[in-house]
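Engineer: So that we are looking at the same thing, I have put the structure below in structure tokens.
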Amino acid sequence: MRILMVGLDAAGKTTILYKLKLGEIVTTIPTIGFNVETVEYKNISFTVWDVGGQDKIRPLWRHYFQNTQGLIFVVDSNDRDRVVEARDELHRMLNEDELREAVLLVFANKQDLPNAMNAAEITDKLGLHSLRQRHWYIQSTCATSGEGLYEGLDWLSNNIASKASMSH
11 MRILMVGLDA AGKTTILYKL KLGEIVTTIP TIGFNVETVE YKNISFTVWD
61 VGGQDKIRPL WRHYFQNTQG LIFVVDSNDR DRVVEARDEL HRMLNEDELR
111 EAVLLVFANK QDLPNAMNAA EITDKLGLHS LRQRHWYIQS TCATSGEGLY
161 EGLDWLSNNI ASKASMSH
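So for the sequence shown, this note's numbering puts the first residue at 11; every next one is plus one.
The following block contains the structure:
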């Protein structure tokens, strides 16, 4: 099963990746190119592609889309200035042909920060309710503590599994 994890730079993708893989925080530097990690969870192999969010490499995202069954979009819930940019990137990705079958999990990350927007506000700001043909879910997370990460992955694995059984 192939899961793609994306989001703007500094959203917390790499921290989530290492938290799931190692159960500890790894200090990260901005990703140039990408890190590939496989996270084993409940007999499912989540291949997580952590794609750097800096502008110049965003066009490179597209060739990681093939065969992606689940998309994890990570948002910095504390970054009100860039939530519109996050929404635009998300909707641009969801318009890609290769991703039309992928289920969408949004991690509303950095919920430990006092001014973080809650999941309902992020849902609104990202325009998730307008996604008619898409199976989506939003999960509040704190990557540094690991809170919410496994609940989100449970939803993802259950929904990818049920989509697979429906199509056979």
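No residue lacks a Cβ here, since even glycine has one placed at the ideal position from N, Cα and C.
Here the structure is a predicted model, which means the values were calculated and not measured.
Can you tell me the Cα-Cα spacing of Lys135 and His101, whole angstroms?
Structural biologist: On the sequence shown, position 125 is the one that residue 135 refers to. On the sequence shown, position 91 is the one that residue 101 refers to. One C-alpha to the other measures close to 12 Å.
Engineer: Classify Gln149 as buried or exposed, calling it buried when 16 or more other Cβ atoms lie within 10 Å of its own Cβ.
Structural biologist: By 1-based counting over the sequence shown, the position of residue 149 is 139. The residue in question, Gln149, is buried, as its Cβ has 16 or more Cβ neighbours within 10 Å.
Engineer: What three-state label does DSSP hand Asp86 in the structure shown?
Structural biologist: For the purposes of this step, residue 86 is taken as residue 76 along the sequence shown, with counting starting at 1. Residue state, collapsed to three classes: strand.
Engineer: How would you call Ser172, buried or exposed, if buried means at least 16 neighbouring beta carbons within 10 angstroms?
Structural biologist: Within the sequence shown, the letter at position 162 stands for residue 172. Per the 10 Å Cβ criterion, exposed.
Engineer: Note down, one range per segment and in chain order, each beta strand (DSSP E) of at least 3 residues found wholly within the stretch 98-174.
Structural biologist: Counting whole runs of 3 or more residues, the stretch 98-174 contains the beta strand (DSSP E) stretches 113-119 and 146-150.
Engineer: Thinking C-alpha only, which one of Glu161, Asn88 and Ile82 is nearest Glu99?
Structural biologist: Here residue 99 refers to the residue found at position 89 when the sequence shown is read from its first residue. Checked all of Glu161, Asn88 and Ile82; the closest Cα to Glu99 is Ile82.
Engineer: When the Cα atoms are used, what is the spatial distance from Asn88 to Leu18?
Structural biologist: For the purposes of this step, residue 88 is identified with residue 78 of the sequence shown, where counting begins at 1. For the purposes of this step, residue 18 is identified with residue 8 of the sequence shown, where counting begins at 1. Their Cα atoms are separated by approximately 13 Å.
Engineer: Would Leu133 and Val113 qualify as a contact pair, given that the criterion is a beta-carbon distance under 9 Å?
Structural biologist: As a position in the sequence shown, residue 133 is number 123, starting the count at 1. As a position in the sequence shown, residue 113 is number 103, starting the count at 1. Rather than Leu, the amino acid found at residue 133 in this sequence is Thr. No, the pair does not count as a contact, with Cβ atoms beyond the cut-off.
Engineer: Taking DSSP as the reference, what is the three-state secondary structure of Leu81?
Structural biologist: Here residue 81 corresponds to residue number 71 of the sequence shown, with the count starting at 1. Leu81: strand per DSSP, three-state reduction.
Engineer: Could you spell out the range, first to last residue, of the beta strand (DSSP E) harbouring Gly17?
Structural biologist: For this step, residue 17 is matched to residue 7 along the sequence shown. Per DSSP, Gly17 belongs to the beta strand (DSSP E) from Arg12 to Gly17.
Engineer: Using alpha carbons as the reference points, say which of His139, Tyr74, Leu159 and Gln121 lies closest to Tyr28.
Structural biologist: Reading the sequence shown from its first residue, position 18 is the one you call residue 28. Ranking the options by Cα distance to Tyr28, first place goes to Leu159.
Engineer: On the CB-based measure, 16 or more other CB atoms within 10 Å of its CB, does Gly80 come out buried or exposed?
Structural biologist: Mapped onto the sequence shown, residue 80 falls at position 70. Label assigned to Gly80: buried.
Engineer: Could you tell me the alpha carbon to alpha carbon distance between Leu163 and Glu106, rounded to whole angstroms?
Structural biologist: Numbered from its first residue, the sequence shown carries residue 163 at position 153. Numbered from its first residue, the sequence shown carries residue 106 at position 96. Answer to the nearest angstrom: the Cα atoms are 23 Å apart.
Engineer: Buried or exposed for Ala153, please, with buried defined as at least 16 other CB atoms from any protein chain shown within 10 angstroms of its CB.
Structural biologist: Mapped onto the sequence shown, residue 153 falls at position 143. Buried: at least 16 other Cβ atoms inside 10 Å.
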